[in-house]
Amino acid sequence: MMRLKLYTKTGDKGQTSLMGGRVSKDDLRVEAYGTIDELNSFIGKAVTELDSQKFKDILADLETIQHELFDCGGDLANVMKERKYKLQEASIEVLEKRIDALTDEVPPLKRFILPGGTPAAATLHIARTVTRRAERQVVSLMNEAEDVPTIVQKYLNRLSDYFFAVARAVNFRLGVSDVEYIRSGDVFK
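All residue numbers for the sequence shown refer to UniProt numbering, where the first residue is 1 and numbers rise by one.
This is the structure:
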């Protein structure tokens with residue numbers, strides 16, 4: 001059996017391959033899908049911190065999201081003339097339903113909260129902030145290139161909201177209160 005080598009040496013001069021071309025490794029497109037890959041790794045970490053029985057629904061969400069993030073990365077890396085994107089609007093609709101369900105599960109917010117609580121919730125807050133960075137990078141890419149699938153930005157926007165909602169739900173299910181930002185008055189009514 002032939003063993004696949006993990007190294008190709010094709011990127012040794014600072015270039016990387018896309019589907020349909022090559023670009024510098026610091027290209028905005030590469031930065032965006034690289035950050036999405038980083039996000040996926042934090043989700044993997046969160047998965048290891050969640051009890052498989054208590055968080056069965058959330059673990060199912062996170063696995064689906066990890067696949068969708070691979071779709072996002074692939075869609076961003078596709079610069080061929082003829083392209084078919086994998087990410088679909090239905091993924092955003094599912095996130096919205098899950099956000100609503102998770103938000104209904106927890107006490108209403110009055111103030112901003114600090115990231116943290118349980119280890120899993122803290123990791124999910126990290127995922128939220130990395131998602132926002134990925135979204136900013138996709139927006140920068142959209143401002144520079146015309147061939148960027150806008151659904152990726154929309155998905156990332158909704159996904160960061162999901163991570164906020166799910167981090168709160170994780171804390172709530174484990175009996176850990178959110179820590180309110182004390183230098184603020186009530187901002188949510």
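Heads up, the beta-carbon is just placed ideally off N, CA and C, and yes, glycines get one too.
Checklist entry - Are at least three pairs of beta-carbons, each pair with one atom in the region 29-40 and one in the region 121-140, less than 8 Å apart? => result Short answer: they touch.
Next on the checklist: Less than 8 Å between the C-beta atoms of G49 and A165, yes or no?
Outcome noted: Sequence index remark: in the sequence shown, residue 49 carries index 49 (1-based). Sequence index remark: in the sequence shown, residue 165 carries index 165 (1-based). Checking the sequence shown, residue 49 turns out to be Glu, not Gly. For E49 and A165, no; Cβs fall outside 8 Å.
Checklist entry - Do the region 53-62 and the region 136-145 meet, that is, are 3 or more Cβ pairs less than 8 Å apart? => result no
Next on the checklist: To test your reading of the DSSP string, which unbroken alpha helix (DSSP H) runs of 4 or more residues are found completely within the region 46-94?
Outcome noted: 56-77
Item to check | the region 155-175 / the region 98-117 touching (three or more Cβ pairs under 8 Å) | outcome: Contact holds: three or more Cβ-Cβ distances are below 8 Å.
Checklist entry - Looking at C-alpha atoms only, which residue of S160, K45, R83 and Y85 is the closest neighbour of E96? => result By 1-based counting over the sequence shown, the position of residue 96 is 96. If we check each option's Cα against that of E96, S160 comes out closest.
Item to check | Nonlocal neighbours in the same chain, by C-beta distance under 8 Å from E180, ignoring five residues either side | outcome: As a working mapping, residue 180 is identified with position 180 in the sequence shown. Counting only Cβ-Cβ distances below 8 Å, and skipping sequence neighbours, we find K110, R111, F112, I113 and L114.
Checklist entry - When burial is assigned at 16 or more other CB atoms within 10 Å of the CB, is L87 buried or exposed? => result Numbered from its first residue, the sequence shown carries residue 87 at position 87. Label assigned to L87: buried.
Checklist entry - Is it right to say Q53 is buried, meaning 16 or more other beta carbons lie within 10 angstroms of its own, or is it exposed? => result Taking the sequence shown and counting its residues from 1, one reaches residue 53 at position 53. The residue is exposed, with fewer than 16 neighbouring Cβ atoms inside 10 Å.
Checklist entry - Should N40 and L69 be called a contact, given that it needs their Cβ atoms to be closer than 8 Å? => result As a position in the sequence shown, residue 40 is number 40, starting the count at 1. As a position in the sequence shown, residue 69 is number 69, starting the count at 1. In contact: N40 and L69 (Cβ atoms closer than 8 Å).
Checklist entry - At what residues does the alpha helix (DSSP H) containing T150 begin and finish? => result Position 150 of the sequence shown holds residue 150. That run of the alpha helix (DSSP H) goes T150 to R173.
Checklist entry - DSSP beta-bridge partners for I113? => result As a working mapping, residue 113 is identified with position 113 in the sequence shown. Partner(s): E180.
Checklist entry - Smallest Cα separation from G44: which of Y85, T123 and A101? => result Residue mapping note: residue 44 aligns to position 44 of the sequence shown, counting from 1. Comparing Cα positions, the closest option is T123.
Checklist entry - Since T118 contacts N171 with CB under 8 Å, what's their CB separation in whole angstroms? => result The residue labelled residue 118 in the question sits at position 118 within the sequence shown. The residue labelled residue 171 in the question sits at position 171 within the sequence shown. Right, their Cβ atoms sit about 6 Å apart.
Checklist entry - Under the rule that 16 or more other beta-carbon atoms within 10 Å means buried, what is L6, buried or exposed? => result On the sequence shown, residue 6 is found 6 positions in, with the first residue counted as 1. So L6 counts as exposed.
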